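K.L.:
Residue numbers (our numbering): 58 to 273. Below is a structure I'd like to ask you about.
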Amino acid sequence: MKFFIDTANLDQIREAMDLGILDGVTTNPSLMAKEGIRGDDNIRKHYVDICNIVDGDVSAEVIATDFEGMIREGQALAALHPQIVVKIPIIKEGVKAIKYLSAKGIKTNCTLVFSAGQAILAAKAGATYVSPFIGRLDDISTDGIELVAQIVDIYRYYDIDTQVLAASIRHTMHIIQCAEVGADVVTCPLDPILGLLRHPLTDIGLEKFLTDHNKQ
Ligand code: E4P
58 MKFFIDTANL
68 DQIREAMDLG
78 ILDGVTTNPS
88 LMAKEGIRGD
98 DNIRKHYVDI
108 CNIVDGDVSA
118 EVIATDFEGM
128 IREGQALAAL
138 HPQIVVKIPI
148 IKEGVKAIKY
158 LSAKGIKTNC
168 TLVFSAGQAI
178 LAAKAGATYV
188 SPFIGRLDDI
198 STDGIELVAQ
208 IVDIYRYYDI
218 DTQVLAASIR
228 HTMHIIQCAE
238 VGADVVTCPL
248 DPILGLLRHP
258 LTDIGLEKFL
268 TDHNKQ
């Protein structure tokens, strides 16, 4: 399972990269705004800065919601850097834009996916990634992991190439459950990634090893 970090914060991206486990980055307009990145030029420069830190795919989301606008923006984003993946919402115009961009060899990430039906359409259109939002489903008392498992099963059944990128991850158990059901990628904030490291028995065990070593 690949690990992407879900942030536009360059320090956090660097920290995950330094850990040696980072395979890519996802951003969205809210995450860019959270970092105070505003205006087309600044936003585009920030995507390039992210690409220069990581080795893998970097999702950059379109703002347009019409077909012409999405493909114009998508092509401009893709031209910024070879690592850019154009992130497009699963709406009618979005499906058309994914089909168009995929046919041109541009990688796409179909976002805001909350049902298996939407995931089937994203795959039919040729999306590179499909992003089911786990946490936002859990927030409305619907099992987000169950959706990831359902999409994985459908894609495996038909040998579909679209990768299941589990998004809207809130905690470490989401990551572990995504691994259990066979998600191709998880994208999560830095905290849940670092949370996977923590275990009190590791800390106690290490302290004892070092104490015993120093007694010699
Ligand atoms: C990723 O592609 C999404 O933009 C992100 O995971 C959404 O997460 P949230 O539901 O915590 O905002």
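Glycine is no exception: its CB is placed at the ideal position from the N, C-alpha and C atoms. These numbers come from a predicted model, not from an experiment.
Which complete beta strand (DSSP E) runs does the segment 109–170 hold, if anything under 3 residues is left out?
P.N.:
Qualifying beta strand (DSSP E) stretches, in chain order: 114–118, 141–146, 165–170.
K.L.:
Between Ala180 and the rest of its own chain, which residues show a CB-CB distance below 6 Å, the 5 nearest in sequence each way excluded?
P.N.:
One-based indexing of the sequence shown puts residue 180 at position 123. Once the five neighbours on either side are set aside, the close Cβ partners of Ala180 are Ile217, Thr219.
K.L.:
Mind listing, in chain order, the continuous beta strand (DSSP E) runs of no fewer than 3 residues lying wholly within the segment 190–233?
P.N.:
Runs found: 220–223.
K.L.:
Quick one: residues in its chain with C-beta nearer than 6 Å to the C-beta of Cys108, no 5 flanking neighbours on either side, listed in chain order?
P.N.:
As a working mapping, residue 108 is identified with position 51 in the sequence shown. Around Cys108: Val115, His138, Gln140.
K.L.:
Would the C-beta of Phe190 count as close to the ligand FMN, meaning under 8 Å from any of its heavy atoms?
P.N.:
With respect to small molecules bound, the structure shown includes the ligand E4P and not the ligand FMN.
K.L.:
Can you confirm whether the segment 201–211 touches the segment 228–243 when touching is taken to mean that 3 or more C-beta pairs between the two stretches lie within less than 8 Å?
P.N.:
Enough Cβ pairs lie closer than 8 Å, so yes.
K.L.:
Does the beta-carbon of Tyr215 have 16 or more other beta-carbons within 10 angstroms, so that it is buried, or is it exposed?
P.N.:
As a first step, residue 215 is located in the sequence shown; it is residue number 158 there, counting from the start. So Tyr215 counts as exposed.
K.L.:
In terms of alpha-carbon separation, which member of Ser225, Ile177, Thr84, Lys149 lies closest to Gly192?
P.N.:
Walking along the sequence shown from the start, residue 192 turns up at place 135. Among Ser225, Ile177, Thr84, Lys149, the Cα nearest to that of Gly192 is on Ser225.
K.L.:
Looking at the unbroken alpha helix (DSSP H) that takes in Ile261, where does it start and where does it end?
P.N.:
In the sequence shown, the residue the question calls residue 261 occupies position 204. 257–272 is the span of the alpha helix (DSSP H), which, as asked, contains Ile261.
K.L.:
Residues bridged to Thr244 by DSSP?
P.N.:
The sequence position of residue 244 within the sequence shown is 187, counting from 1. Partner(s): Phe61.
K.L.:
At what residues does the alpha helix (DSSP H) containing Gly174 begin and finish?
P.N.:
In the sequence shown, residue 174 corresponds to position 117, counting from 1. Gly174 -> alpha helix (DSSP H) spans 173–182.
K.L.:
Would you tell me roughly how many angstroms separate the C-alpha atoms of Val221 and Asp248, rounded to the nearest one?
P.N.:
By 1-based counting over the sequence shown, the position of residue 221 is 164. By 1-based counting over the sequence shown, the position of residue 248 is 191. Between Val221 and Asp248, the C-alpha separation is close to 22 Å.
K.L.:
Compute the Euclidean distance between the alpha carbons of Gln132 and Leu158, then round it to the nearest angstrom.
P.N.:
Taking the sequence shown and counting its residues from 1, the one referred to as residue 132 is at position 75. Taking the sequence shown and counting its residues from 1, the one referred to as residue 158 is at position 101. Approximately 8 Å between the Cα atoms of the pair.
K.L.:
Kindly indicate which three-state DSSP category Gly81 falls into: helix, strand or coil?
P.N.:
On the sequence shown, residue 81 is found 24 positions in, with the first residue counted as 1. Three-state DSSP puts Gly81 in a strand.
K.L.:
For Val187, which residues does DSSP report across the bridge?
P.N.:
Mapped onto the sequence shown, residue 187 falls at position 130. Looking at the DSSP assignment, Val187 forms a beta bridge with Cys167, Val221.
K.L.:
Tell me whether Asn166, by its Cβ, gets closer than 8 Å to a heavy atom of the ligand E4P.
P.N.:
Counting from 1 along the sequence shown, the entry for residue 166 is found at position 109. Checking the Cβ of Asn166 against the ligand E4P gives yes.
K.L.:
For His103, count neighbouring Cβ atoms within 10 angstroms of its own Cβ and tell me buried if that reaches 16, exposed if not.
P.N.:
Taking the first residue of the sequence shown as 1, we reach residue 103 at position 46. By the neighbour-count rule (16 or more Cβ atoms within 10 Å), His103 is buried.
K.L.:
So what does DSSP say about Ile250, is it helix, strand or coil?
P.N.:
Residue mapping note: residue 250 aligns to position 193 of the sequence shown, counting from 1. Ile250: helix per DSSP, three-state reduction.
K.L.:
Can we count Arg193 as close to the ligand E4P, meaning its CB is less than 8 Å from some heavy atom?
P.N.:
On the sequence shown, position 136 is the one that residue 193 refers to. Result yes, Cβ under 8 Å from the ligand E4P.
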